[in-house]
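K.L.:
This note's numbering puts the first residue of the sequence shown at 12, with every later residue one more than the last. Provided herewith is a single structure, encoded as structure tokens, for subsequent inquiry.
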Amino acid sequence: MSGEERSYRADALILGARPLGEADRIVRLLTREFGKLDAVAKGARRPKSRIGGRLEIAGRVEMMLHRGRSLDVIVSAEERSHRWTALVEPERLAVASLALERVDVLCEPGEPVPEIFDLLDSSLDAIAKSERPHRFVARFSLRLLDLLGSMPPAERCCLCSDMLEDRSWLDASEGGILDAKCRRPHREEIALDPEDRANFAALGRERGAGAAVEARPQAAAAIEALIAHYCARPLRVSALPGYAYGAI
Ligand SMILES: [Zn+2]
12 MSGEERSYRA DALILGARPL GEADRIVRLL TREFGKLDAV AKGARRPKSR
62 IGGRLEIAGR VEMMLHRGRS LDVIVSAEER SHRWTALVEP ERLAVASLAL
112 ERVDVLCEPG EPVPEIFDLL DSSLDAIAKS ERPHRFVARF SLRLLDLLGS
162 MPPAERCCLC SDMLEDRSWL DASEGGILDA KCRRPHREEI ALDPEDRANF
212 AALGRERGAG AAVEARPQAA AAIEALIAHY CARPLRVSAL PGYAYGAI
């Protein structure tokens, strides 16, 4: 194998990191070209490490990697974003960490998802500039589900396909919105009126005409319920994770 084949470039967002041995770090990346992958940053925990200082959480980094036997090794890194100073503010950091975690949990390793890379990159920029970063959570999460093919329609019952009329209910275990005929009342269902459904649809729309950022409470609750369903386990952000989201 030639040296060229053993090295490759990647445009990467830093999803998280954890320590390896005495001075190294395993960094979880979402690369535009190769999807999610873990790579080793050798010596990154040494105080004077040049590479360590360029691998801040939520950063966008142009890097060169070298194929390793198990994990690839980061040999150089050039920062392409300077979000970290703005993201240190607690509310921004909390929302950025949540976005990083949702992408990590919902994206499979080794599958390129450039649209999700772009969504995460632009959302992190918006979060870093915002005085109200929580307003982005619902839209980001629903756009993520849409790009993963898991956004339910807002105008038809997900079981019988009839048009939804007045009242409807989000049933996360069915992955969609149900009408009165198909509904099986239970504690977790979330009632959605026509305005909530219109807001839900607008939150899921690509940027442009008809897209919304501000979520009505019931639409936001419906999106959170869907995210929890697809993540299929409690999210780690509030607990102390093996991977650190927010502080390497
Ligand atoms: Zn139905």
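For glycine and all other residues, C-beta sits at the position ideal for the given N, C-alpha and C.
Exposed or buried, I259, counting other C-beta atoms within 10 Å across all chains shown (16 or more means buried)?
P.N.:
Low local confidence applies: a pLDDT of 39 at I259 is under 50, so the model's placement there is unreliable, and no value is given.
K.L.:
Does DSSP classify E16 as helix, strand or coil?
P.N.:
Correct three-state label for E16: helix.
K.L.:
So does D35 have its beta carbon nearer than 8 angstroms to some heavy atom of ligand 1?
P.N.:
Checking the Cβ of D35 against ligand 1 gives no.
K.L.:
In the structure shown, what three-state DSSP assignment does P120 receive?
P.N.:
The answer is strand: DSSP assigns P120 an E or B state.
K.L.:
Here's the rule: buried if 16 or more other CB atoms are within 10 angstroms of the residue's CB, otherwise exposed. What is L163?
P.N.:
Checking the sequence shown, residue 163 turns out to be Pro, not Leu. Buried is the call here.
K.L.:
Run the Cβ filter for me: residues under 6 angstroms from any heavy atom of ligand 1, listed in the order they occur in the chain.
P.N.:
Listed along the chain, these residues meet the criterion: C168, L170, C171, D173, L189, D190, K192 and C193.
K.L.:
Relative to the C-alpha of E73, which residue among A212, E90, R227 and E185 is closest?
P.N.:
Taking only the C-alpha atoms, the option nearest E73 is E90.
K.L.:
Just checking my contact of A52 with R36 at CB under 8 angstroms: how many whole Å lie between their CB atoms?
P.N.:
Right, the Cβ-Cβ distance comes to about 5 angstroms (below 8 angstroms), so this counts as a contact.
K.L.:
Unbroken alpha helix (DSSP H) runs of length 4 or more, entirely within the region 59-98: which are they?
P.N.:
For the region 59-98, whole alpha helix (DSSP H) runs of length 4 or above, ordered along the chain, are 95-98.
K.L.:
For the alpha helix (DSSP H) holding K47, just list the boundary residues, first then last.
P.N.:
It is not in any alpha helix (DSSP H) - K47 instead sits in the beta strand (DSSP E) that spans G46 to A52.
K.L.:
Which value, in whole angstroms, describes the spacing of the CA atoms of L41 and I62?
P.N.:
If you take the alpha carbons of L41 and I62, they lie about 17 angstroms apart.
K.L.:
Do you know offhand how far E206's Cα is from D182's?
P.N.:
In a straight line, the C-alpha of E206 is about 18 angstroms away from that of D182.
K.L.:
Are Y241 and L117 touching if we call contact CB-CB under 9 angstroms?
P.N.:
Closer than 9 angstroms, so yes.
K.L.:
Output the boundary residues of the beta strand (DSSP E) element that contains R36.
P.N.:
Its beta strand (DSSP E) spans residues D35 to T42.
K.L.:
Report the CB separation of G70 from I25 in whole angstroms; it is logged as a contact under 8 angstroms.
P.N.:
The pair is a contact, with the Cβ atoms about 5 angstroms apart (cut-off 8 angstroms).
K.L.:
Taking a contact to mean a Cβ-Cβ separation below 9 angstroms, would you say R150 touches A222 in this structure?
P.N.:
Yes; because the gap between Cβ atoms is below 9 angstroms, this pair is in contact.
K.L.:
Hey, V148 and L109 are a contact pair by Cβ (cut 8 angstroms); roughly how many whole angstroms apart?
P.N.:
Going by Cβ atoms, the distance from V148 to L109 rounds to 7 angstroms, so yes, they are a contact pair.
K.L.:
At the level of alpha carbons, what is the spacing between P228 and K59?
P.N.:
Answer to the nearest angstrom: the Cα atoms are 47 angstroms apart.
K.L.:
Who does A21 pair with in a DSSP beta bridge?
P.N.:
DSSP output for A21 lists M74 as bridge partner(s).
K.L.:
Within the 9 angstroms Cβ cut-off, does I188 reach chain B?
P.N.:
Protein chain content of the structure displayed is limited to a single chain, and chain B is not contained in it.
K.L.:
From S172 to K192, what distance separates their C-alpha atoms?
P.N.:
One C-alpha to the other measures close to 11 angstroms.
K.L.:
Would you report the Cα separation of A209 and R143, rounded to the nearest angstrom?
P.N.:
If I take the Cα positions, the gap works out to 23 angstroms.
K.L.:
Under DSSP, the alpha helix (DSSP H) around A202 begins and ends at which residues?
P.N.:
A202 -> not in any alpha helix (DSSP H); beta strand (DSSP E) instead, spanning I201 to L203.
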